[in-house]
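For reference, the structure is listed below as structure tokens.
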Amino acid sequence: MRKPFVAGNWKMNLNRAEAVALATAVAAIARENAGVEVGIIPPFVYIDAVVGAVNKAPLGVGAQDVYFEKSGAFTGEISTAMLADLHVKYVLVGHSERRHVLGENDALLNKKLHCVLNAGLTAILCVGETLEQRKAEKTFDVCRTQLVEGLKGVDAAKASQLVVAYEPVWAIGTGLNATKEQAQEVHAFIRKELAGILSQAAAEGMRIQYGGSVKASNAAELMSQPDVDGALVGGAALKAEEFAGIVAAAGKSKA
Ligand code: PEP
4 MRKPFVAGNW KMNLNRAEAV ALATAVAAIA RENAGVEVGI IPPFVYIDAV VGAVNKAPLG
64 VGAQDVYFEK SGAFTGEIST AMLADLHVKY VLVGHSERRH VLGENDALLN KKLHCVLNAG
124 LTAILCVGET LEQRKAEKTF DVCRTQLVEG LKGVDAAKAS QLVVAYEPVW AIGTGLNATK
184 EQAQEVHAFI RKELAGILSQ AAAEGMRIQY GGSVKASNAA ELMSQPDVDG ALVGGAALKA
244 EEFAGIVAAA GKSKA
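Quick note, in this note's numbering, the sequence shown goes up one by one and the last residue is 258.
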């Protein structure tokens, strides 16, 4: 039985006071929903303050990115050791905005992923197709390549430190979510691929989140699907009430 996992990606939003207030509100949500793993992923500069606000609540804090080198002359970059020092638990690897806006490729993401795993942190590997790729019926090919290349050289023994987020690019921040059937079809495909890349047991134990315009009003339907194990949430994670609805739906869907 996979524990549903809902994480809020705050992207480049909020100021310090707003970040602390939202983390405090989400900490209460996490306390009320013990059946769901809940995470928040603030901008780097607010991680320390957010970790303080979380205090002892069962709420993990993540980072939106990381650099793969341990330390040194890499101006502007952040290492896994720095993140671990701040009690970060998760790191997003290959969010579509990093792939498509900032030009990160699979080879770079594979280095980042290894670095995250070697530091004992959990990697949330994001995969998903653009609208053009979906229309060209390339969804499975794109997801397969991103999984195979992103997970190259990863030992199945590290599966407990891995989460995959299926985030169709056309659904991120657009208000257009995948239907539950579209989500389930790709999630089942991803799980099958994970069995081949890692192992059957690893694939069965790993959480696959859906991401792309998840809201309180569509969360229950999406998470009713057998291979949808939670959500990676952008816009709706910035509103505590909306996020609370998504977390509650995740808890009920797998109860
Ligand atoms: C995301 O940033 O991962 C995301 C899914 O955004 P949104 O929920 O706003 O579509």
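Ideal Cβ placement from N, Cα and C applies to all residues, glycine included.
Residue i: CB within 7 Å of a non-hydrogen atom of the ligand PEP
| i | result |
| --- | --- |
| E170 | yes |
| A239 | yes |
| L105 | no |
| V250 | no |
| G55 | no |
| S220 | no |
Under 8 Å between C-beta atoms of residue i and residue j
| i | j | result |
| --- | --- | --- |
| S216 | A174 | yes |
| A253 | P7 | yes |
| N108 | K155 | no |
| H90 | V48 | no |
| H103 | V172 | yes |
| Q212 | G233 | yes |
| L95 | K161 | no |
Expected contact under 8 Å - CB spacing of residue i and residue j to nearest Å
| i | j | result |
| --- | --- | --- |
| V23 | A76 | Not quite, the Cβ-Cβ distance comes to about 33 Å (not below 8 Å), so this is no contact. |
| S99 | C146 | Their Cβ separation, rounded to whole angstroms, is 12 Å, which puts S99 and C146 out of contact at 8 Å. |
| L235 | A10 | 5 Å |
| A31 | V41 | Contact flag wrong, Cβ pair sits at about 11 Å. |
| K218 | A239 | 5 Å |
| V64 | S82 | V64 to S82, Cβ: 16 Å. No contact. |
Between the CA atoms of residue j and residue i - distance to the nearest angstrom
| i | j | result |
| --- | --- | --- |
| L201 | K255 | 30 Å |
| A139 | T133 | 10 Å |
| I50 | S227 | 32 Å |
| P46 | N16 | 7 Å |
| F192 | E245 | 29 Å |
| L25 | L241 | 7 Å |
| L124 | K92 | 5 Å |
| T142 | G131 | 7 Å |
| M4 | V167 | 16 Å |
| I43 | D158 | 27 Å |
Any chain B beta carbon closer than 8 Å to residue i
| i | result |
| --- | --- |
| Y93 | Included in the structure is just one protein chain, with no chain B present. |
Contacting residues, own chain, Cβ-Cβ under 7 Å from residue i (five flanking each side not counted)
| i | result |
| --- | --- |
| A52 | R19, A22, V23 |
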